[in-house]
Every structure is written in C-alpha cells, then in structure tokens.
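This note's numbering puts the sequence shown at residues 237 to 589.
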Amino acid sequence: MAELVLADVTKRFGPVTAVRDLSLTVADGEFVVLLGPTGAGKTTTLRLVSGLERADGGKISIAGIDVTKLEPAARDVAMVFQQFSLYPHYTVYDNLAFPLRSPLRRLPEPQVEERVRQVAALLRIGPKLQNKATHLSGGEMQRVAIGRALVREPAAFLMDEPLSSLDAKLRADLRVEMKRIQLDLGATILYVTHDQVEAMTMADRIGVLREGELVQIGTPRQIYAEPDSLYVANRLGSPQINVLPVGSLGIMDGPAGAATIGVRPEDVVLGAGGVAARILTVEPLGAETVILLEVSGSQVHALAGPGPALRPHDNSTVRVIPGSTLFFDREGRRLPWAARNERSDRSELRHGT
Ligand SMILES: Nc1ncnc2c1ncn2[C@@H]1O[C@H](COP(=O)(O)OP(=O)(O)OP(=O)(O)O)[C@@H](O)[C@H]1O
Ligand SMILES: [Mg+2]
Numbered sequence: 237m238a239e240l241v242l243a244d245v246t247k248r249f250g251p252v253t254a255v256r257d258l259s260l261t262v263a264d265g266e267f268v269v270l271l272g273p274t275g276a277g278k279t280t281t282l283r284l285v286s287g288l289e290r291a292d293g294g295k296i297s298i299a300g301i302d303v304t305k306l307e308p309a310a311r312d313v314a315m316v317f318q319q320f321s322l323y324p325h326y327t328v329y330d331n332l333a334f335p336l337r338s339p340l341r342r343l344p345e346p347q348v349e350e351r352v353r354q355v356a357a358l359l360r361i362g363p364k365l366q367n368k369a370t371h372l373s374g375g376e377m378q379r380v381a382i383g384r385a386l387v388r389e390p391a392a393f394l395m396d397e398p399l400s401s402l403d404a405k406l407r408a409d410l411r412v413e414m415k416r417i418q419l420d421l422g423a424t425i426l427y428v429t430h431d432q433v434e435a436m437t438m439a440d441r442i443g444v445l446r447e448g449e450l451v452q453i454g455t456p457r458q459i460y461a462e463p464d465s466l467y468v469a470n471r472l473g474s475p476q477i478n479v480l481p482v483g484s485l486g487i488m489d490g491p492a493g494a495a496t497i498g499v500r501p502e503d504v505v506l507g508a509g510g511v512a513a514r515i516l517t518v519e520p521l522g523a524e525t526v527i528l529l530e531v532s533g534s535q536v537h538a539l540a541g542p543g544p545a546l547r548p549h550d551n552s553t554v555r556v557i558p559g560s561t562l563f564f565d566r567e568g569r570r571l572p573w574a575a576r577n578e579r580s581d582r583s584e585l586r587h588g589t
C-alpha cells in the first residue's frame, strides 16, 4: 500500500468547476472519507485519482510517483464504483478472477483460485461463486464489486459510495467488515460518501467537500466537535446541530460578531433549570430518546437517555451544558470563544439529570 497525494487539483466541466484547488494527502494505510452532498465533486475527485478524468490543473502522486499524466492502467489503484459494475454473463468466480487473469498479471490458475476463495470468504460470498453475476441480490453484487478491487492488492483503493445501494442491516455489517479488512490489509483507502454514519465510523480522517472545495479535514471527532463553519457542523450529527439566533437558550455571552449559536442535541439538558420549554414530540430509539422542544418560539432537538417519561405538551426547562456552545458569524464561519474550556463541567451536569 502507498501514500496518495493530491496537490491543487482542479477539474472543470464547461462552466462547472467540479473540483477546485483540492489538496489532500492520504497517508500509507490511512482511511480517508470525503463527505459532501450531491454534486460536491466526490466522484470526480476519485475519477481524477484513478485517471478516468484528466485534471485541468494540479498534480496527483501515488507512492511518490507523479501519475497526473498516466493512463488508468498504469496507476495501480482499484476503484469500486457507485453503481454495480460486474460482467453480467460471468460467474461470481470469474468476475473476481478477472483482474488476476489480465495480460499484465497472468497469475497461474491455482494462485488465482486461492486468492478468489480468500476474498470470497472475507466478503461472505463463498457459496455464490458459481452464480451468474445477474443472479445475485443487490447486496451480493456490491460485495462482488468490492471483492474485485480487493483481489488485486493495489497501491490504493478508491471507493465511491460502495454501500449506498444496500439495505440498512447489510450496510451496517459491511461498514464493520470494510474497516476490519482495511486494518488487516493496512490498505490506503480514499472513500466517498454522503452518509455521515459511514464517515464517522470508518474514517481515520474526514474531508468535507463543498462545491468542489475541501473546506475542512480532520479526525471524525475534530470535524464533529470543532467544525470551522456551519456548513461543516451541519454535515455530522443526528439529529442535526441546533442553529439558533444568538441569545437563545439562555446563552448570554459569546464573542463579538456572533450571529448564531450551534448547540448539539446531546448538550441540551432537560428538567435541570434554565429556560422554559414545551415538549412537541418524543421519539424513543431504544438506547436514547430524541425530543423536539419549543423554546421561545424556536424548535430545538434534545437527546436524552432511554428512560424519561416525557409526553408531548408537557412543560419542562432546558439548559445548555456550559462551554458546549459553538458561535458563528453572519457568513456561517465559526468564531473562537474561550468559554469552551469549561467543558469539564459537562459530565457533572450530565450525571445530575
Ligand atoms: N462528465 C461530466 N460532464 C459535465 N459535468 C459533470 C460531469 N461529471 C460531473 N459533472 C458535474 O460536476 C459536479 C460534481 O459532480 P460529481 O459527480 O463529482 O458529484 P458527487 O459529489 O459525486 O455527487 P453524488 O453524491 O450525486 O454522486 C456536478 O456539478 C456535476 O454535474
Ligand atoms: Mg458521485
């Protein structure tokens, strides 16, 4: 496996700049997830690295070699596409064996078989090896597509929302599998998704894309707790961060120039004093409960434990865990605020509820 470096990479399609001055290093063995809404430039970024698109500017290197002008076949990366891309008339076995039988490799057949069986076992598609690719469920097809990238042991993997077409249970299983496989192989992976759970659970670092620009990159924890902007703050968290006019929820201090505050639902504490709130809806999710409140005319989400016997129309109070509030200016940029150091109060307050 190898390091992957993009330096000031730009790609235009006519008037649209799909990727703008993008600089990013995926370290050897690192799992980087690019997160962004539809049209943000995720697929284009992967296609630039794989060589399926040519950059209009900038440089791309893999394992220290400048590949910017190389053909896809010369780049030693394997891509898993957003849509299934299997050979429909081949069996699963032959789909998996295909990359190993290419004229470039010509692996002896016993070795091909060994490798195919290994990867099939890893992805739990062993029993389906003799099926035609079209005689599979969507989830099985996508696992074969991932398997076809895995058999090759390339310098890096590029994965374009490989789990997006699967049902929730299979997606959750494969998330764990993918992470395990990545750790086992020490694989370098650039993975693209608009699913925040995938990003949070699999990434060593998350890069957030906005209209072709990489607006922030950091560990999942950094992106979640220290977003540079409202845009980034809104990408992670379910329910989303509460965004309210400055002065809401009884938060009176804050930096000069603050226009809005951001408060994560888990930092909203019910029934421990503070300002008056009315409960609108209660969604018990098992381990936790999502509560929608009305506070001074604004709607606010709170996350509580499994227990509280709350009902719609009940009156309560809310307060915000000291130091947890994020402040943003009129343009949605985060403003630093020293009071965030008070986060140590947090666990104390939590236990009090
Ligand atoms: N071949 C193309 N020709 C013209 N415009 C394109 C082409 N490919 C992508 N674009 C444009 O570039 C921008 C980025 O597209 P891209 O496919 O990279 O987005 P994405 O983040 O992968 O979105 P999604 O989540 O929907 O897959 C979009 O505005 C898109 O319309
Ligand atoms: Mg895409």
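Every residue, glycine too, gets a C-beta built ideally from N, C-alpha and C.
Review point. Comparing alpha-carbon positions, which option in 436, 440, 408 lies nearest residue 422?
Key: Taking only the C-alpha atoms, the option nearest residue 422 is 440.
Exercise for review: Report yes or no: do three or more beta-carbon pairs, one from the region 412 to 427 and one from the region 332 to 351, lie closer than 8 Å?
Suggested key: Because the criterion of three Cβ pairs below 8 Å is not met, the region 412 to 427 and the region 332 to 351 do not touch.
**Study point:** Straight-line Cα distance separating residue 501 from residue 589
**Key:** Note that residue 589 scores 35 on pLDDT, short of 50, meaning its location in the model is unreliable and no value can be drawn from it.
Practice item. Put residue 538 into one of helix, strand or coil per three-state DSSP. Key: Residue 538: strand per DSSP, three-state reduction.
**Study point:** Segment limits, beta strand (DSSP E) that includes residue 427
**Key:** For residue 427, the enclosing beta strand (DSSP E) stretches over residues 425 to 429.
Review point. Which of the three DSSP states, helix, strand or coil, is assigned to residue 487?
Key: Residue 487 carries a coil assignment under DSSP once its states are collapsed to helix, strand and coil.
Exercise for review: Give a yes or no on whether the C-beta atoms belonging to residue 394 and residue 313 are separated by under 9 Å.
Suggested key: The answer is yes: Cβ separation under 9 Å.
Practice item. Could you tell me if residue 537 is buried or exposed, where buried requires 16 or more neighbouring beta carbons within 10 angstroms of its beta carbon? Key: Residue 537 is buried by the Cβ-count criterion.
Point to revise | Buried versus exposed call for residue 590 [16 or more other C-beta atoms within 10 Å across all chains shown] | key: Because the chain is modelled from 237 through 589, residue 590 falls outside the range shown and cannot be assessed.
Check your understanding: Does the beta carbon of residue 468 fall short of 8 Å from some heavy atom of ligand 2?
Key -> For residue 468, the distance from the CB to the nearest heavy atom of ligand 2 is not below 8 Å.
Review point. Out of curiosity, what's the CA-to-CA distance linking residue 484 and residue 514?
Key: Straight across, the Cα-Cα distance linking residue 484 with residue 514 is about 15 Å.
Exercise for review: Would you check if the region 426 to 439 and the region 267 to 285 touch, i.e. whether three or more CB-CB distances between them fall below 8 Å?
Suggested key: These segments touch.
Exercise for review: Would you please verify whether the beta carbon of residue 323 is less than 9 Å from any beta carbon of chain B?
Suggested key: Of the protein chains in this structure there is only one, and it is not chain B.
Practice item. Anything with a beta carbon under 7 Å from a heavy atom of ligand 2 counts; list them all in chain order. Key: Having a Cβ closer than 7 Å to some heavy atom of ligand 2 are 278, 279, 318, 396, 397, 428.
Practice item. Can you have a look at residue 551 and say buried or exposed, based on whether 16 or more other CB atoms are within 10 angstroms of its CB? Key: With fewer than 16 other Cβ atoms within 10 Å, it is exposed.
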